[in-house]
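Numbering (this note's numbering), first residue to last: -15 to 204.
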(Lines of atoms letter the chains of each structure in order from A and count residues from 1; the text may use other names and numbers.)
(Lines give C-alpha, C1' and ligand atoms only; values in the text may rest on other atoms or scores of the structure.)
Protein backbone atom coordinates (compact mmCIF):
# COMPACT_ATOMS: atom_id res chain seq x y z
CA UNK A 1 0.00 0.00 0.00
CA UNK A 2 1.30 3.46 -0.90
CA UNK A 3 1.33 5.52 2.29
CA UNK A 4 1.36 9.25 1.59
CA UNK A 5 2.39 12.26 3.62
CA UNK A 6 -1.23 13.42 3.71
CA UNK A 7 -2.28 10.09 5.22
CA UNK A 8 0.38 10.42 7.90
CA UNK A 9 -0.39 14.10 8.54
CA UNK A 10 -4.08 13.34 9.01
CA UNK A 11 -3.57 10.26 11.23
CA UNK A 12 -5.30 10.84 14.57
CA UNK A 13 -2.86 8.45 16.23
CA UNK A 14 0.24 10.28 15.00
CA UNK A 15 -1.21 13.70 15.77
CA UNK A 16 -2.05 12.56 19.31
CA UNK A 17 1.54 11.45 19.91
CA UNK A 18 2.95 14.71 18.52
CA UNK A 19 0.60 16.76 20.70
CA UNK A 20 1.37 14.83 23.87
CA UNK A 21 5.11 14.84 23.15
CA UNK A 22 5.06 18.62 22.80
CA UNK A 23 3.10 18.97 26.02
CA UNK A 24 5.76 16.95 27.83
CA UNK A 25 8.54 19.09 26.36
CA UNK A 26 6.64 22.22 27.35
CA UNK A 27 6.50 20.98 30.95
CA UNK A 28 10.26 20.38 30.81
CA UNK A 29 10.87 23.93 29.53
CA UNK A 30 11.82 23.10 25.93
CA UNK A 31 10.95 25.24 22.92
CA UNK A 32 8.03 24.36 20.62
CA UNK A 33 8.21 20.90 19.00
CA UNK A 34 4.63 20.68 17.78
CA UNK A 35 2.96 20.94 14.38
CA UNK A 36 4.62 24.22 13.39
CA UNK A 37 8.06 22.64 13.81
CA UNK A 38 7.39 19.26 12.19
CA UNK A 39 5.41 20.75 9.29
CA UNK A 40 8.21 23.22 8.56
CA UNK A 41 10.71 20.37 8.69
CA UNK A 42 8.58 18.29 6.31
CA UNK A 43 8.40 21.13 3.80
CA UNK A 44 12.10 21.94 3.97
CA UNK A 45 13.32 18.33 3.81
CA UNK A 46 11.25 17.62 0.70
CA UNK A 47 12.26 20.94 -0.88
CA UNK A 48 15.95 20.10 -0.45
CA UNK A 49 15.59 16.71 -2.12
CA UNK A 50 13.39 18.16 -4.86
CA UNK A 51 15.93 20.85 -5.75
CA UNK A 52 18.68 18.23 -5.88
CA UNK A 53 16.76 15.99 -8.27
CA UNK A 54 15.80 13.18 -5.91
CA UNK A 55 12.71 11.16 -6.80
CA UNK A 56 9.14 12.04 -5.81
CA UNK A 57 9.14 8.94 -3.60
CA UNK A 58 12.25 10.06 -1.69
CA UNK A 59 10.72 13.50 -1.26
CA UNK A 60 7.53 11.95 0.12
CA UNK A 61 9.48 9.75 2.52
CA UNK A 62 11.39 12.79 3.74
CA UNK A 63 8.09 14.56 4.47
CA UNK A 64 6.86 11.57 6.43
CA UNK A 65 10.10 11.17 8.38
CA UNK A 66 10.22 14.89 9.20
CA UNK A 67 6.59 14.98 10.34
CA UNK A 68 7.13 12.00 12.65
CA UNK A 69 10.71 12.63 13.76
CA UNK A 70 9.93 13.89 17.28
CA UNK A 71 7.16 11.47 18.34
CA UNK A 72 9.59 9.63 20.61
CA UNK A 73 9.42 12.61 22.98
CA UNK A 74 6.04 11.23 24.08
CA UNK A 75 8.02 8.57 25.97
CA UNK A 76 11.02 10.63 27.10
CA UNK A 77 13.30 13.33 25.76
CA UNK A 78 16.30 11.07 26.28
CA UNK A 79 16.88 8.68 23.37
CA UNK A 80 13.77 10.06 21.67
CA UNK A 81 15.22 9.41 18.21
CA UNK A 82 15.53 5.69 18.83
CA UNK A 83 12.18 5.49 20.62
CA UNK A 84 10.55 7.47 17.82
CA UNK A 85 11.99 5.15 15.19
CA UNK A 86 10.52 2.11 16.95
CA UNK A 87 7.16 3.86 17.29
CA UNK A 88 7.23 4.88 13.62
CA UNK A 89 7.99 1.30 12.60
CA UNK A 90 4.93 0.02 14.42
CA UNK A 91 2.64 2.75 13.08
CA UNK A 92 3.78 2.65 9.45
CA UNK A 93 3.94 -1.14 9.32
CA UNK A 94 0.38 -1.29 10.67
CA UNK A 95 -0.70 1.23 8.01
CA UNK A 96 0.70 -1.09 5.33
CA UNK A 97 3.79 0.80 4.20
CA UNK A 98 6.26 -1.40 2.25
CA UNK A 99 9.31 -2.50 4.31
CA UNK A 100 11.81 -0.61 2.14
CA UNK A 101 9.94 2.65 2.71
CA UNK A 102 9.55 1.94 6.43
CA UNK A 103 13.29 1.30 6.64
CA UNK A 104 14.14 4.64 5.00
CA UNK A 105 11.85 6.56 7.35
CA UNK A 106 12.85 4.90 10.62
CA UNK A 107 16.54 5.11 9.70
CA UNK A 108 16.21 8.87 9.25
CA UNK A 109 14.25 9.30 12.49
CA UNK A 110 16.69 7.14 14.43
CA UNK A 111 19.66 9.19 13.24
CA UNK A 112 18.39 12.75 13.73
CA UNK A 113 19.22 13.46 17.40
CA UNK A 114 22.33 15.50 18.14
CA UNK A 115 24.60 13.02 19.97
CA UNK A 116 24.08 10.16 17.50
CA UNK A 117 22.85 11.95 14.37
CA UNK A 118 24.36 10.96 11.04
CA UNK A 119 23.25 11.35 7.40
CA UNK A 120 23.04 7.65 6.61
CA UNK A 121 20.73 8.16 3.62
CA UNK A 122 19.30 11.12 1.64
CA UNK A 123 16.14 11.23 3.78
CA UNK A 124 18.22 11.41 6.95
CA UNK A 125 20.47 14.13 5.50
CA UNK A 126 17.49 16.26 4.48
CA UNK A 127 15.84 15.76 7.88
CA UNK A 128 18.98 16.82 9.75
CA UNK A 129 19.26 20.00 7.70
CA UNK A 130 15.58 20.86 8.13
CA UNK A 131 15.47 20.08 11.85
CA UNK A 132 18.72 21.66 12.99
CA UNK A 133 18.16 24.94 11.17
CA UNK A 134 14.74 25.65 12.70
CA UNK A 135 15.73 28.64 14.82
CA UNK A 136 12.97 31.21 15.26
CA UNK A 137 11.34 33.48 17.80
CA UNK A 138 7.94 31.79 17.57
CA UNK A 139 9.38 28.58 19.08
CA UNK A 140 9.89 30.33 22.45
CA UNK A 141 7.04 29.64 24.91
CA UNK A 142 8.42 31.56 27.89
CA UNK A 143 6.98 35.07 27.94
CA UNK A 144 9.20 36.31 30.79
CA UNK A 145 12.35 37.68 29.20
CA UNK A 146 14.07 37.89 32.59
CA UNK A 147 13.84 34.13 33.08
CA UNK A 148 15.05 33.15 29.60
CA UNK A 149 17.61 30.37 29.48
CA UNK A 150 20.19 30.38 26.68
CA UNK A 151 17.94 28.39 24.31
CA UNK A 152 15.12 30.90 24.84
CA UNK A 153 17.49 33.83 24.28
CA UNK A 154 18.95 32.46 21.06
CA UNK A 155 15.62 31.51 19.52
CA UNK A 156 13.95 34.74 20.64
CA UNK A 157 16.84 36.77 19.25
CA UNK A 158 16.39 35.20 15.80
CA UNK A 159 14.32 37.83 14.02
CA UNK A 160 14.84 36.19 10.62
CA UNK A 161 15.80 32.64 9.70
CA UNK A 162 16.07 31.38 6.12
CA UNK A 163 17.55 28.23 4.60
CA UNK A 164 18.54 28.76 0.96
CA UNK A 165 19.69 26.07 -1.45
CA UNK A 166 21.66 26.97 -4.59
CA UNK A 167 21.82 23.78 -6.70
CA UNK A 168 24.17 25.33 -9.28
CA UNK A 169 26.75 26.45 -6.74
CA UNK A 170 26.07 23.35 -4.61
CA UNK A 171 25.61 25.44 -1.46
CA UNK A 172 22.99 25.47 1.26
CA UNK A 173 23.02 28.54 3.48
CA UNK A 174 21.37 29.27 6.81
CA UNK A 175 20.93 33.04 7.05
CA UNK A 176 20.02 34.49 10.44
CA UNK A 177 19.32 37.97 11.68
CA UNK A 178 20.02 37.98 15.40
CA UNK A 179 19.09 40.81 17.75
CA UNK A 180 22.25 41.06 19.83
CA UNK A 181 20.35 42.86 22.60
CA UNK A 182 18.93 39.44 23.51
CA UNK A 183 21.97 37.27 22.83
CA UNK A 184 25.49 37.48 21.53
CA UNK A 185 26.46 35.62 18.39
CA UNK A 186 28.78 33.50 20.55
CA UNK A 187 25.72 32.33 22.51
CA UNK A 188 24.41 30.82 19.29
CA UNK A 189 27.63 28.89 18.78
CA UNK A 190 27.72 27.80 22.41
CA UNK A 191 24.53 25.78 22.07
CA UNK A 192 24.28 25.14 18.33
CA UNK A 193 27.85 24.47 17.20
CA UNK A 194 27.30 20.69 17.25
CA UNK A 195 24.12 21.16 15.21
CA UNK A 196 25.89 23.31 12.65
CA UNK A 197 28.61 20.68 12.26
CA UNK A 198 25.86 18.09 11.75
CA UNK A 199 24.41 20.33 9.05
CA UNK A 200 27.81 20.48 7.39
CA UNK A 201 28.04 16.67 7.47
CA UNK A 202 24.52 16.29 6.09
CA UNK A 203 25.23 18.81 3.34
CA UNK A 204 28.40 16.96 2.40
CA UNK A 205 26.40 13.73 2.08
CA UNK A 206 24.23 15.53 -0.46
CA UNK A 207 27.36 16.90 -2.17
CA UNK A 208 26.69 20.41 -0.91
CA UNK A 209 28.66 22.98 1.09
CA UNK A 210 26.90 24.24 4.22
CA UNK A 211 27.24 27.93 4.99
CA UNK A 212 26.13 29.96 7.99
CA UNK A 213 25.45 33.67 7.68
CA UNK A 214 24.63 35.69 10.82
CA UNK A 215 23.84 39.39 10.54
CA UNK A 216 25.45 39.54 7.10
CA UNK A 217 28.71 37.84 8.12
CA UNK A 218 29.67 34.42 6.79
CA UNK A 219 30.77 32.40 9.81
CA UNK A 220 30.88 28.89 8.31
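Where is the CB? At the ideal position from N, CA and C, for every residue including glycine. If you're wondering where the values come from, they're calculated on a predicted model, not measured in any experiment.
Rounded separation between residue i and residue j - CA only
i: residue 170; j: residue 134; result: 11 Å
i: residue 14; j: residue 196; result: 24 Å
i: residue -6; j: residue 2; result: 12 Å
i: residue 151; j: residue 35; result: 7 Å
i: residue 191; j: residue 29; result: 15 Å
i: residue 179; j: residue 81; result: 31 Å
i: residue 69; j: residue 194; result: 27 Å
i: residue 74; j: residue -3; result: 12 Å
i: residue 234; j: residue 115; result: Past the edges of the chain, shown from -15 to 204, lies residue 234, and the structure says nothing about it.
i: residue 117; j: residue 157; result: 10 Å
i: residue -9; j: residue 16; result: 23 Å
i: residue 203; j: residue 58; result: 36 Å
i: residue -11; j: residue 20; result: 16 Å
i: residue 10; j: residue 185; result: 30 Å
N- and C-terminal bounds of the beta strand (DSSP E) containing residue i
i: residue 198; result: 193 to 198
i: residue 144; result: 142 to 150
i: residue -12; result: No beta strand (DSSP E) contains residue -12, which DSSP labels as neither H nor E.
Rounded distance between the beta-carbons of residue j and residue i, thought under 8 Å
i: residue 119; j: residue 138; result: 7 Å
i: residue 113; j: residue 167; result: With 8 Å as the limit, residue 113 and residue 167 do not qualify as a contact, their Cβ atoms being about 23 Å apart.
i: residue 65; j: residue 96; result: 5 Å
i: residue -13; j: residue 76; result: 6 Å
i: residue 32; j: residue 181; result: Not a contact, Cβ separation roughly 18 Å.
i: residue 172; j: residue 109; result: 22 Å between Cβ atoms; not a contact.
Residue interval of the alpha helix (DSSP H) (run including residue i)
i: residue 178; result: 169 to 189
i: residue 66; result: 64 to 79
i: residue 101; result: Note, residue 101: premise wrong, no alpha helix (DSSP H); not H, not E.
i: residue 24; result: 19 to 35
i: residue 159; result: Note, residue 159: premise wrong, no alpha helix (DSSP H); beta strand (DSSP E) at 155 to 162.
i: residue 15; result: No alpha helix (DSSP H) contains residue 15, which DSSP labels as neither H nor E.
i: residue 45; result: 40 to 52
i: residue 91; result: 83 to 94
Closer than 9 Å to chain C by CB, residue i
i: residue 71; result: Any reference to chain C falls outside this structure, which holds one protein chain only.
_Does the structure place the stretch 136 to 147 close enough to the stretch 159 to 166 that three or more beta carbon pairs sit under 8 Å?_
yes
*Specify whether the stretch 122 to 129 and the stretch 99 to 106 touch according to this definition: at least 3 beta carbon pairs, one from each stretch, less than 8 Å apart.*
no
*May I ask you to verify whether the stretch 70 to 88 touches the stretch 5 to 22, counting CB pairs closer than 8 Å and requiring at least 3?*
no
*asked:* Between the stretch 16 to 27 and the stretch 40 to 56, can you find at least three pairs of beta-carbon atoms closer than 8 Å?
replied: yes
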